[in-house]
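A.B. asks: The structure's right below; bear with me while I get my questions together.
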């Protein structure tokens, strides 16, 4: 039990550090971007051809953009302690409210993508690992290398043209029903599955070649039973640990994929906030993504802890 | 080995979840839903920020609308009149109009919305309005001087009229309009779903439901049009349009709209202060080539500032802008410019060199800028291209650092271009108009246009204004604008609004 508390406590400290670092870094980076912030904010509010110097000046006055930057940053952290992330400079909405909606969409998309990738990657990889060096092993290597090398944007457009335009199976983009989530989730899942299939393949190949697996076969278990009882759990630990690492790919992919498929999630909001110099939105979205990352890693720790009795003993 | 069959089975089970989508559960929603896909996101509920979405989806109405030619037509105001002294406008409201919450559209509610739209930063704040008053069944607006473009300002989306219950203090809590459709579901910034309003006092729309989807990527919008997943796809890129024309499912509507791509020049700089230098620059441009090769629309090559779509301002008799390198060189030589060893013109040891700022909000602009760079080089002019943020053009105008800027000017921000021209070419120029140039004659013409209602005099004044701009070239027109919209053949009777005020869904029906 002490091990578990240590693991989760470490993640909690990490969450606080993420909040401090992400909040400050986002603020400073947006301030350092070239050009006049007031103009950019006014452009994202009213459309670029309606903006003139007078409108930009009105924005500057309204938002107090000429206050010294430590004062503005301090105000944000004070708000954070009250769980108040401020108000979007572009839409005037409370950032927490907007994030609540976007986070739901991003979680739905990420969870679906993760589910698809789990259905695709590890089973295919395990199959290759059971017959390491076979034709399927070689084919999967080529396929996963290709899928990992294609940027999410290209993969997304290809899937869109194939499954939505040619076959008319799925909506090309949008949000609302369950069908809309399939294409963006599949785009993300193929990239994820490419990675997890490799790890699963190696883990299974190692297990199959191990003395304990040989012993299980020798005592008379057939392949299926031996793998179920002695292979699965042993091979699962590296796969689950790798899933934690893969979340980086997921978070990075979400930004591109959400924009392409018009999915109103956090990644999409982040892109818009950066373009619009909407500092509270940038801080809010980046902070949420950072904390999400910490939370998912904590889940990974927990899963490994449950899977692996050696850790519990430690 | 017996392991493989087991794993093959579990694999099949795993994979079965995904492709179990037959054609019967295809991507089409209910047959009665009209789907619109554009690039404009729903940026909150405030009319000033996203009124265009609610106006175009016919959720909210403005006092007046505009026909294709920009002339005012009744909307919430059934008729209007102007007092003897030409200062007080009286707009009589449709008595039967109801907001979507069932409350009547009162003069007080209209006046309150218009007052709100006058706040700083709002477009209506640019009109010389002295007072807005609610009268029984009508709204009276007094201007401080005669101002005919007022009707056009009242058609702008930032002046949509919402029910009193829509507001909480000054903030908009819900969009409760008076149009044929009411908000069914709103998911900013991406999606708006509307349905017929039970309180609409006009003819019942044939189309019962509509969805607005904001998809920022052009590839996405094109794919939706191509796959028959959108009844109306707007803002299509030229290369997409070519492909969609071959698609039997869609009809491409391309029409010129009151917008021009132009080069804004700093006429105060020694390079461009002489009109002959500006004319030489204009003569060096190959507009026809750029329109055909880059914009894939030869007719969009500009021959004067205002496109033929702006019938009242386009003057057919003006000598068309054209390419003539020899004449350009002759004009420049007359100004003392002589070719140097590198082919670049020099005067008193200094090269004819400047930087053109442009931006990528309009994706075709950087490509056009690069083409012009090569064309000007042939005339001995060195132009550097800086692709910057759109704000760098108005900012450079203000601090005087802008030398030249390639941009798109929309002359129908309000349906009457006069409102825009007053901003752009009045004394001192404008952020998106002339810089370091002014013409007292043009100023007088525009001012007189704002005052007079006499049709013959107005026509003569408009022609004069166009001619002055054509001869003095404070900005150099490059190409006109074509609006390309893909419309599904499932729909009939849908007219595209060249002023982009409405999608006109309520007037359309399903094809048989």
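Protein chains in written order, with the UniProt record's numbering: chain A, 1 to 314; chain B, 1 to 512.
We put the beta carbon where it would ideally sit given N, CA and C, even for glycine.
Run through DSSP, which three-state label would residue 407 of chain B get?
C.D. replies: The answer is strand: DSSP assigns residue 407 of chain B an E or B state.
A.B. asks: Distance, Cα to Cα, residue 161 of chain A vs residue 277 of chain B?
C.D. replies: Approximately 50 Å, taken between the alpha carbons.
A.B. asks: Does DSSP put residue 65 of chain B in a helix, a strand or coil?
C.D. replies: Reduced to three states, the DSSP call for residue 65 of chain B is strand.
A.B. asks: Counting beta carbon pairs with one atom in the stretch 301-313 of chain B and one in the stretch 405-421 of chain B, are three or more of them shorter than 8 Å?
C.D. replies: Yes: at least three Cβ pairs fall under 8 Å.
A.B. asks: Please list, in chain order, the chain A residues whose beta carbon lies closer than 8 Å to that of residue 220 of chain B.
C.D. replies: Neighbours of residue 220 of chain B on chain A, chain order: 160, 172, 173, 260, 261, 262.
A.B. asks: Spatial neighbours of residue 478 of chain B within its chain, please: C-beta separation below 8 Å, excluding the five flanking residues on both sides.
C.D. replies: So the list reads 260, 261, 262, 263, 285, 287, 290, 302, 368, 372, 406, once near-sequence residues are dropped.
A.B. asks: How about residue 298 of chain A: is its Cβ closer than 8 Å to a heavy atom in the ligand NAP?
C.D. replies: By its list of ligands, the structure shown contains no ligand whatsoever, and the ligand NAP lies outside what it can speak to.
A.B. asks: At a Cβ threshold of 9 Å, is residue 191 of chain B touching chain A?
C.D. replies: Chain A, which has a Cβ nearer than 9 Å to the Cβ of residue 191 of chain B, makes this yes.
A.B. asks: Opposite residue 212 of chain B in the DSSP bridges: which residues?
C.D. replies: For residue 212 of chain B, which the question treats as bridged, DSSP gives the partners B:36, B:192.
A.B. asks: Can you tell me whether residue 90 of chain B is helix, strand or coil according to DSSP?
C.D. replies: Three-state DSSP puts residue 90 of chain B in a strand.
A.B. asks: Kindly indicate which three-state DSSP category residue 316 of chain B falls into: helix, strand or coil?
C.D. replies: Looking at residue 316 of chain B - three-state DSSP - the assignment turns out to be coil, as it is neither helix nor strand.
A.B. asks: Applying the criterion that 16 or more other CB atoms from any shown protein chain within 10 Å of the CB defines a buried residue, is residue 326 of chain B buried or exposed?
C.D. replies: Classification of residue 326 of chain B: exposed, given that the 10 Å Cβ count is below 16.
A.B. asks: Of the choices A:19, A:54, A:41, A:29, whose alpha-carbon is the least far from that of residue 77 of chain A?
C.D. replies: Per the Cα distances, A:19.
A.B. asks: Give, in chain order, every unbroken run of the alpha helix (DSSP H) that is at least 4 residues long and sits entirely within the stretch 453-506 of chain B.
C.D. replies: Listed in chain order, the complete alpha helix (DSSP H) runs (minimum 4 residues) inside the stretch 453-506 of chain B are 455-472.
A.B. asks: Of the residues B:450, B:85, B:356, B:221, which one's Cα is nearest the Cα of residue 36 of chain B?
C.D. replies: The shortest C-alpha separation from residue 36 of chain B is found at B:221.
A.B. asks: In this structure, does DSSP put residue 117 of chain A in helix, strand or coil?
C.D. replies: Helix, per DSSP.
A.B. asks: Consult DSSP for residue 358 of chain B and reduce its assignment to one of helix, strand or coil.
C.D. replies: Three-state result, residue 358 of chain B: strand.
A.B. asks: Excluding the 5 residues flanking residue 108 of chain A on each side, which residues of the same chain have their C-beta closer than 8 Å to its C-beta?
C.D. replies: Contacts found: 181.
A.B. asks: Check for me: the alpha helix (DSSP H) holding residue 200 of chain B runs from which residue to which?
C.D. replies: Unbroken run through residue 200 of chain B: none, as it is neither H nor E.
A.B. asks: Could you check how far apart the C-beta atoms of residue 125 of chain B and residue 119 of chain B are, in whole angstroms? I think they sit under 8 Å.
C.D. replies: About 7 Å separates the two Cβ atoms, so the contact holds.
A.B. asks: Using a beta-carbon distance below 9 Å, is residue 92 of chain A in contact with chain B?
C.D. replies: Closer than 9 Å to some Cβ of chain B, the Cβ of residue 92 of chain A qualifies, so yes.
A.B. asks: What did DSSP end up calling residue 93 of chain A once you bin it into helix, strand or coil?
C.D. replies: Correct three-state label for residue 93 of chain A: coil.
A.B. asks: Less than 8 Å between C-beta atoms, sequence neighbours within five positions excluded: which residues of the same chain meet that for residue 32 of chain B?
C.D. replies: For residue 32 of chain B, where only same-chain residues beyond five positions count, the Cβ hits under 8 Å are 207, 208, 209, 510.
A.B. asks: Considering Cα atoms alone, identify which of B:463, B:79, B:190 is closest to residue 317 of chain B.
C.D. replies: Closest by alpha carbon: B:463.
A.B. asks: Our contact map puts residue 161 of chain B next to residue 63 of chain B with C-beta atoms below 8 Å; I'd like the distance itself, whole angstroms only.
C.D. replies: Indeed they touch by this definition, with Cβ atoms about 7 Å apart.
A.B. asks: What residue does the beta strand (DSSP E) around residue 251 of chain B start on, and which one ends it?
C.D. replies: Unbroken beta strand (DSSP E) run through residue 251 of chain B: 250-265.
A.B. asks: Output yes or no for whether 9 Å exceeds the beta carbon distance between residue 265 of chain B and residue 471 of chain B.
C.D. replies: No; because the gap between Cβ atoms is not below 9 Å, this pair is not in contact.
A.B. asks: Determine whether the beta carbon atoms of residue 187 of chain A and residue 237 of chain A lie at a separation below 9 Å.
C.D. replies: Against a cut-off of 9 Å, the Cβ pair of residue 237 of chain A and residue 187 of chain A comes out as no contact.
A.B. asks: Could you name the residues of chain A that residue 227 of chain B contacts, counting a contact when the two beta carbons are closer than 7 Å?
C.D. replies: Ordered by position in chain A, the residues that pass the 7 Å Cβ test against residue 227 of chain B are 164, 165, 168, 172.
A.B. asks: Is the Cβ-Cβ distance between residue 465 of chain B and residue 442 of chain B less than 9 Å?
C.D. replies: Yes, the Cβ-Cβ distance between residue 465 of chain B and residue 442 of chain B is below 9 Å.
A.B. asks: Along the stretch 36-54 of chain B, where does the CB come closer than 7 Å to a CB of chain A? Name the residues.
C.D. replies: Within the stretch 36-54 of chain B, the qualifying residues are 43, 44, 46, 48, 49.
A.B. asks: As an exercise, report each continuous alpha helix (DSSP H) stretch of at least 4 residues that is fully enclosed by the stretch 200-225 of chain A, in chain order.
C.D. replies: Runs of the alpha helix (DSSP H) inside the stretch 200-225 of chain A: 211-218.
A.B. asks: What are the start and end residues of the beta strand (DSSP E) that includes residue 425 of chain B?
C.D. replies: Per DSSP, residue 425 of chain B belongs to no beta strand (DSSP E); it is in the alpha helix (DSSP H), 417-425.
A.B. asks: Use the C-beta contact count for residue 456 of chain B: other C-beta atoms within 10 angstroms, 16 or more gives buried, fewer gives exposed.
C.D. replies: Exposed.
A.B. asks: Closer than 8 Å, Cβ to Cβ, to anything on chain B: give me those residues from the stretch 228-244 of chain A, in chain order.
C.D. replies: Answer in chain order: no residues at all.
A.B. asks: So with Cβ pairs under 9 Å, would you call residue 188 of chain B a contact of chain C?
C.D. replies: Considering every chain present, this structure includes no chain C. Its protein chains are A and B.
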